[in-house]
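Everything on this sheet refers to the single structure shown next.
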Amino acid sequence: ITNMGYGGIEKYKALEGYNNSELMINTTKKTDKLSKQLYILSKSFDEITLLASKKKELLACIPAIQPVNNKQLGMISSGFGIRIDPIYKVRKFHAGLDFTARIGTPVYATGDGKVIEAEYNRGGYGMAILLDNGFGYRTLFAHLSKFYVRKGQKVKRGELIGAVGNTGKSTAPHLHDEVHKGKDRLNPVYFFSNDLTPEEYEKVLNLSEQ
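Convert by adding 103 to the 1-based position in the sequence shown; the result is the number in my numbering.
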């Protein structure tokens with residue numbers, strides 16, 4: 104693209120007829136070519152800067168930490184997938200990850216986002232918070248006992264948003280964590296990338312599959 108044409112013959116007509124016309128025309132052509140190349144490079148850098156800024160925003164929004172302080176990694180009580188429902192005693196799909204914790208245990212946003220729900224959910228989630236993380240991602244935190252955010256509020260990853268509870272369809276105090284991408288529900292364990300070593304992640308992965 105930078106080597107494409109940069110002017111017609113008529114553009115340099117006014118420089119003809121002088122003792123040093125050839126030098127003047129060649130110099131002007133080189134200057135025009137450099138100017139065009141600089142302009143194209145400038146536009147390219149603008150595009151790269153925009154892509155980089157969006158990538159930075161995307162990385163901040165994608166859920167990347169555990170929603171509770173689980174340093175000992177022993178709080179995961181139920182994984183993602185088919186399981187025996189603890190209430191109905193039949194095989195049902197479990198769309199999230201459960202963390203066993205005492206009532207009042209702090210719950211943190213796993214990625215930047217905007218609160219689109221902070222209310223009692225009649226679908227069995229009890230007191231629940233739904234964050235819109237952008238780029239098609241949403242995160243849900245259910246069975247809470249307290250809200251520390253309100254609908255419409257913007258939050259950052261690691262910010263306190265609620266407290267573990269036992270509300271809704273729950274048999275014991277715990278946090279239910281879900282990750283949505285568009286219409287799909289994804290396994291939250293695949294998003295714990297920021298606060299675990301490879302060895303810790305392997306342990307969490309094994310626990311989540313039980």
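Think of the CB as a built atom: it goes at the ideal place given N, C-alpha and C, for glycine as much as any other residue.
Note that this is a predicted model, so its numbers are computed, not measured.
Cβ-Cβ separation, residue j to residue i (assumed contact under 8 Å), whole Å
| i | j | result |
| --- | --- | --- |
| K220 | K257 | Before going further, note that residue 220 is Glu rather than Lys in the sequence given. Between K257 and E220 the Cβ distance is about 14 Å, and since that is not below 8 Å, they are no contact. |
| V267 | I179 | About 13 Å; that fails the 8 Å criterion. |
| L88 | Y251 | Outside the displayed range of the chain (104 to 313) lies residue 88, so it cannot be described from this structure. |
| V171 | V210 | 6 Å |
| R212 | G229 | The sequence shown places Ala at residue 212, not Arg. Wrong, their Cβ atoms sit about 19 Å apart, outside the cutoff. |
| D325 | L176 | Because the chain spans 104 through 313 in this model, residue 325 falls outside it and cannot be assessed. |
Continuous beta strand (DSSP E) stretch holding residue i: start and end
| i | result |
| --- | --- |
| Y240 | Y240 to F250 |
| L317 | Not covered by the structure: residue 317. The range shown for the chain is 104 to 313. |
| K116 | Taken as a continuous stretch (DSSP letters only), K116 belongs to no beta strand (DSSP E), as it is neither H nor E. |
| D298 | Unbroken run through D298: none, as it is neither H nor E. |
| A275 | Run containing A275: none; DSSP gives neither H nor E here. |
| R288 | D287 to L289 |
| G314 | Past the boundaries of the shown model lies residue 314; the chain is included only from 104 to 313, so the question cannot be answered. |
Residue burial classification, residue i (beta-carbon count within 10 angstroms, cutoff 16)
| i | result |
| --- | --- |
| R225 | exposed |
| N129 | exposed |
| L233 | buried |
| D149 | exposed |
| L137 | exposed |
| L141 | exposed |
| E113 | exposed |
| G84 | The chain is shown only over 104 to 313; residue 84 falls outside these bounds and no answer can be derived. |
| G216 | buried |
| G182 | buried |
The alpha helix (DSSP H) enclosing residue i, as first and last residue numbers
| i | result |
| --- | --- |
| K306 | P301 to S311 |
### Query
Given 8 Å as the limit, is there contact between the region 153-160 and the region 204-211, that is, 3 or more CB pairs closer than that?
no
### Task
Could you say if the region 179-194 and the region 234-253 meet the contact criterion of at least three C-beta pairs nearer than 8 Å?
Judged by Cβ distances under 8 Å, the region 179-194 makes no contact with the region 234-253, as fewer than three pairs qualify.
### Query
Can you list the beta strand (DSSP E) stretches of 3 or more residues lying completely in the region 186-223, in chain order?
194-197, 200-203 and 209-211
#### Entry: Entirely enclosed beta strand (DSSP E) segments - the region 154-189, minimum 3 residues
179-181 and 184-187
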